[in-house]
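K.L.:
Could you have a look at this structure, given as structure tokens, before my questions?
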Amino acid sequence: YQRRVREAVVSTQSTGDEMASFIHPEEFHHTRHLAIEESLKDLDRNGDGVISVDEYVADLLADEEDLMNDVEWVQRQKRRFTEVHDTDKDGVLNEWEVRDWLTPNNDSPSRAVAERLVSAADVDKNGALDVREIVRNYQVFVGNTFINTHGGEL
119 YQRRVREAVV STQSTGDEMA SFIHPEEFHH TRHLAIEESL KDLDRNGDGV
169 ISVDEYVADL LADEEDLMND VEWVQRQKRR FTEVHDTDKD GVLNEWEVRD
219 WLTPNNDSPS RAVAERLVSA ADVDKNGALD VREIVRNYQV FVGNTFINTH
269 GGEL
């Protein structure tokens, strides 16, 4: 937490985005690494640099103490750890897997808008835009409020 405070510049002159990135660093590209490092440090109870299934479940139980004795719930969480989060199947979550867990699909407003714009202008539906598609669908980009306001972020 102290590191976030040192690295985040928050003052009375802060913009809404600066304040939001301080409060929710996982949602912003330039502060996401801080949230991941902080979470990894908090969850890694034995200090080995990775998150074991027991550390993962212990973190979930911290918010759901009434489920501590629910064996079925604990087993479901362990399966979720193994089947969903442990993508390299080595039995632990490394920094990249923690990132994917905390920020699935690295969702951000900019990315979401970019994906919608590409989808709207992608005539041949190949997931990429060529010059003809951009020119043919220029109104998709020119009239977009997000781009007009935040174009530098894209």
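Numbers in the numbering used here are just positions in the sequence shown, counted from 1, shifted up by 118.
All residues carry an ideal CB built from backbone N, CA and C; glycine is no exception.
Who pairs with Ile169 in a beta bridge, going by DSSP?
P.N.:
Leu211
K.L.:
Is Arg163 helix, strand or coil when you go by DSSP?
P.N.:
coil
K.L.:
Considering only the beta carbon of each residue, do Thr205 and Arg150 sit closer than 8 Å?
P.N.:
no
K.L.:
Do Asp177 and Leu161 come within 8 Å of each other at the CB atom, strictly closer than that value?
P.N.:
yes
K.L.:
DSSP state of Glu201, grouped into three classes?
P.N.:
Reduced to three states, the DSSP call for Glu201 is helix.
K.L.:
Report, in whole angstroms, the separation of the C-beta atoms of Arg217 and Ile154, which I expect to be a contact under 8 Å.
P.N.:
5 Å
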